[in-house]
Amino acid sequence: MTPGTEPESFESIDTSHLVGVPDAFQRLWTPHRMVYIKQGQPSDDGCPFCIAPTLDDESALIVHRGEHAFVLLNLFPYNSGHLLVCPYRHVAMYDDATTEEVAEIGALTQTAMRVVRSVSRNDGFNLGMNQGAVAGAGIAAHLHQHIVPRWATDANFFPIIAQTKALPQLLGDVRQSIADAWPASA
Ligand SMILES: [Zn+2]
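When we follow UniProt numbering, the leftmost residue of the sequence shown carries the number 1, and every step to the right adds one.
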């Protein structure tokens, strides 16, 4: 496998009802695939960000549901605790979002940073939106804001020599710890 190609293992499972885009990294763990088994196959190949809110929090890896937007874990995280903030509405571009959606995406991003920092003691974040497939958006049709925690020690040699990314926590455990730490009033 060369960098930039999708691992073959992802082609054999249907991830269309879940959120995330396979990348070149193979993971050291696979228990998160239980969510595919438990959830069964989706009835259609609709937008995963539209389907996620229709599932229960554990199945969809949702950590918080707001009024106009929600927060969930990326199924294919760059780092442990990689969150996405999405409007419920199926809009592609940031300038398609309403004033209320923009405000809540911003507020949820701030709360997510505080929660992740309190849970995982990370040293920094990457925040951002890829707008359009040409800009790197995996699911370009539905707006999503990335929140990627970074640690001073996270740029290790592993991805370079082995195309393997070591993620220290299982997704279900990460979702639970972030959901538990989310303030009730936010
Ligand atoms: Zn959608």
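Don't be surprised by glycine CBs; every beta carbon is placed ideally from N, CA and C.
Residue i to residue j span [Cα, whole Å]
i	j	result
Ala133	Ile139	8 Å
Val116	Met93	26 Å
His90	Leu143	7 Å
Gly172	Asp56	13 Å
Ile63	Pro183	The question names Ile, yet the displayed sequence has Val at residue 63. Between Val63 and Pro183, the C-alpha separation is close to 11 Å.
Arg175	Ala69	17 Å
Glu104	Thr153	32 Å
Asn74	Gln110	17 Å
Asp95	Met129	12 Å
Ser80	Gln169	7 Å
Gly124	Pro48	28 Å
Glu101	Pro87	6 Å
Any non-hydrogen atom of ligand 1 within 8 Å of residue i CB
i	result
Phe125	no
Residues bridged to residue i (per DSSP)
i	result
His64	Val71
Arg150	Gly124
Met145	Here residue 145 is Gln; the residue named in the question, Met, does not match the sequence. DSSP output for Gln145 lists Val85 as bridge partner(s).
Worksheet entry | Chain-ordered residues, beta carbon under 5 Å from a heavy atom of ligand 1 | Those residues whose C-beta sits under 5 Å from the nearest heavy atom of ligand 1 are, from N- to C-terminal order along the chain, Cys47, Phe49, Cys50, His90 and His142.
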